[in-house]
Each structure stands twice: as structure tokens, then as C-alpha cells.
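Worksheet: the structure to be examined is printed underneath.
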Amino acid sequence: TTLQAMSKDDAFNKRAINITQDKDNPVFKVESKSGSSNGQYDITVEKLAKTSKFDGTFDSSTTPLITQEGTLTFKAGDKTFDVDVKAGDSLQSIRKRINNDADNFGLSVNIMNTSDGKSKLVIDSGISGSGKDLQITGNTTELTDNFTSKLSKTQSAQDAQIKVDGNTLTSATNTFDGNIVGLKLTVLRE
Numbered sequence: 100t101t102l103q104a105m106s107k108d109d110a111f112n113k114r115a116i117n118i119t120q121d122k123d124n125p126v127f128k129v130e131s132k133s134g135s136s137n138g139q140y141d142i143t144v145e146k147l148a149k150t151s152k153f154d155g156t157f158d159s160s161t162t163p164l165i166t167q168e169g170t171l172t173f174k175a176g177d178k179t180f181d182v183d184v185k186a187g188d189s190l191q192s193i194r195k196r197i198n199n200d201a202d203n204f205g206l207s208v209n210i211m212n213t214s215d216g217k218s219k220l221v222i223d224s225g226i227s228g229s230g231k232d233l234q235i236t237g238n239t240t241e242l243t244d245n246f247t248s249k250l251s252k253t254q255s256a257q258d259a260q261i262k263v264d265g266n267t268l269t270s271a272t273n274t275f276d277g278n279i280v281g282l283k284l285t286v287l288r289e
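Heads up: take any position in the sequence shown, counting from 1, add 99, and you land on the working numbering.
And the structure:
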């Protein structure tokens with residue numbers, strides 16, 4: 100039995116990962132994959148990947164915003180989905196329609212009721228990476244005037260960026276898988 104275990108290809112020459120960083124507040128985590136080789140790298144996290152975010156202030160979350168049916172379209176990168184809006188929909192019902200839509204690609208919408216009695220709608224695209232900023236359009240003048248025109252971008256989508264031995268590497272997510280052969284690196288903070 101012992102010899103059988105020792106006859107497997109991966110029984111010897113295993114690789115161990117040693118990382119010099121604060122164990123209580125790590126900058127990244129590393130996983131070894133098959134095909135990894137010995138190496139030592141100086142890695143610096145320069146930027147985390149970010150999703151695009153929008154917000155907008157409305158008078159109320161419960162007052163009807165829309166008097167006619169229409170469609171809102173959300174697009175980020177190559178992902179897109181449409182949400183039908185009904186006459187009489189309020190900010191709360193529009194939020195619920197967006198979050199519960201079966202085609203939603205990970206976008207999230209929340210409402211904050213602020214101390215001045217207003218309602219702030221906050222939208223996070225859920226898709227990170229440069230060039231993948233969220234675009235929101237309405238197919239009626241009312242949707243444009245009462246909804247999309249009140250939204251402003253508060254954060255642009257961006258790639259994660261690290262330096263490995265002075266070389267700049269980028270990823271649309273916070274994971275660098277295969278950029279260094281045999282290693283999967285996930286950045287956690289700058």
C-alpha cells in the first residue's frame with residue numbers, strides 16, 4: 100500500500116507556497132496548481148478591480164414615478180438585460196423588479212432613506228474590469244426624465260493591477276489565474 104501511494108506522479112517534488120505578509124490583514128492569497136515550478140516573486144498590489152456604481156436622489160421611494168409602461172435596459176461589458184416597468188411603479192417596485200429579474204447578471208439596487216427625507220437609489224453593476232462601465236437606458240421619455248437622468252456615475256469599472264518583479268499585470272477581476280504559470284493569485288487589498 101505504501102509503495103502504491105509512492106508510485107503516483109505527484110507523490111514527490113511537491114511545491115510549498117511561502118508568503119511574507121501580515122497574516123491578520125493579508126494583501127493576497129496564492130494557490131498552487133499543477134505545473135507550478137520553483138520561483139520567488141516580489142508582488143505589489145497597485146489597484147483592485149472595481150465595478151461601476153451609480154446613485155440618484157429621489158423625493159420618495161413609495162410615490163409612483165411612472166405613468167406609462169416602458170423598459171429599462173442595463174448593460175455592462177458584454178452582459179445586458181431588460182426590465183419591464185409598469186404604470187404606477189415607485190422607486191421601491193422598480194428596485195424589486197431589477198433585483199428579481201431572471202436575466203439580471205449580478206447587478207444590485209438598493210435604496211437609502213436619507214436624513215433629509217429623500218430616497219437615494221444606489222446601483223452596483225456587479226461586473227468589474229476596464230471598459231465594462233454600466234449603461235442604463237429607458238425606452239420612453241418618462242423613464243429618461245424621471246429615472247435615468249437622475250442617476251450619476253459615482254465609480255468607474257476598472258481592472259485589478261499588480262506588479263510582479265517590476266512587470267505590470269492586469270485582470271478584469273481580482274483573480275490572476277495563470278498569469279504566473281501554475282499559480283492562482285487573488286488580491287484582497289492594496
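Yeah, the Cβ is synthetic: ideal placement off N, Cα and C, and Gly gets one too.
#### Entry: Contact check, Ser160 vs Ser189, beta carbons under 8 Å
yes
### Task
Report all residues from its chain with a CB closer than 7 Å to the CB of Ile69; omit the five preceding and five following residues, and keep chain order.
Nothing about residue 69 can be read from this structure; the chain reaches only from 100 to 289.
#### Entry: Ile226 vs Ala175 beta-carbon contact at 8 Å
yes
### Query
What is the DSSP secondary structure of Ala186, reduced to helix, strand or coil?
coil
### Query
Is the region 250-264 touching the region 150-165 in the sense that three or more CB pairs, one from each, lie closer than 8 Å?
yes
### Query
In angstroms, rounded to a whole number, what distance separates the CA positions of Gly169 and Val263?
49 Å
### Query
Quick one, which of Thr156, Leu147 and Thr101 has its alpha-carbon nearest Ser92's?
Here the chain has residues from 100 to 289 only, and residue 92 is not among them.
### Message
Pop quiz: Ala186 and Thr166 are said to be a contact at Cβ under 8 Å. What is the actual Cβ separation, rounded to whole angstroms?
### Response
6 Å
### Message
Runs of 3 residues minimum, wholly inside the region 183-255: which ones carry the beta strand (DSSP E) assignment?
### Response
207-212, 218-227, 234-237 and 251-254
### Query
Below 8 Å between beta carbons: does that hold for Val126 and Leu284?
no
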